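Basically my numbering = 1-based index in the sequence shown + 13.
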Amino acid sequence: APDLAILSEEFADSVQFVGVNVRDTAETALSFDRAFGIDFPSIMDAQSGAVSLAFTGVVSPQAVPTTVVIDREGKVASRILGRIDASILRTLIQTVVDQ
């Protein structure tokens, strides 16, 4: 989470970060965001599952955490299941930004 906060600041002018919480209550999610300095928007999906449903076939609902990089056309450019090193994510994002 701290890496995501840093990268969201680094790419603030060119990339929109959005968190999707599929498990926790809103209170727990907000506490997590405060603890790790997350200031990008988060969607609470634990009850409705609408976001998870929209990504069916792209992301396994059991794969938490998952990071998805979406290009300017709305296509999935990268999908990472589990934790990802900040330098790798930076490279994946930069590749999409440079397109």
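Here a beta-carbon is modelled for each residue, glycine too, at the ideal position from N, C-alpha and C. Every value quoted in this text rests on a predicted model; they were computed, and no experiment measured them.
Could you please give the first and the last residue of the uninterrupted beta strand (DSSP E) stretch that includes residue i?
{"i": "Ser55", "result": "Ser55 to Met57"}
Thinking residue i and residue j are a contact (beta carbons under 8 Å), I'd like their distance in whole angstroms, please.
{"i": "Phe53", "j": "Val33", "result": "Their Cβ separation, rounded to whole angstroms, is 11 Å, which puts Phe53 and Val33 out of contact at 8 Å."}
Under a Cβ-count criterion, where at least 16 other Cβ atoms within 10 Å of its own Cβ denotes burial, should residue i be classed as buried or exposed?
{"i": "Val77", "result": "exposed"}
{"i": "Ser21", "result": "buried"}
Taking the CB atoms as reference points, tell me whether residue i and residue j lie closer together than 7 Å.
{"i": "Ile83", "j": "Val89", "result": "yes"}
{"i": "Asp58", "j": "Val81", "result": "no"}
{"i": "Phe24", "j": "Ile106", "result": "yes"}
Go ahead and pull the three-state DSSP assignment for residue i.
{"i": "Ala63", "result": "helix"}
{"i": "Arg96", "result": "coil"}
How is the alpha helix (DSSP H) around residue i delimited, first residue to last?
{"i": "Val110", "result": "Ala99 to Val110"}
{"i": "Thr69", "result": "Looking at the DSSP string, Thr69 is not in any alpha helix (DSSP H), and its letter there is neither H nor E."}
{"i": "Ile19", "result": "Pro15 to Glu23"}
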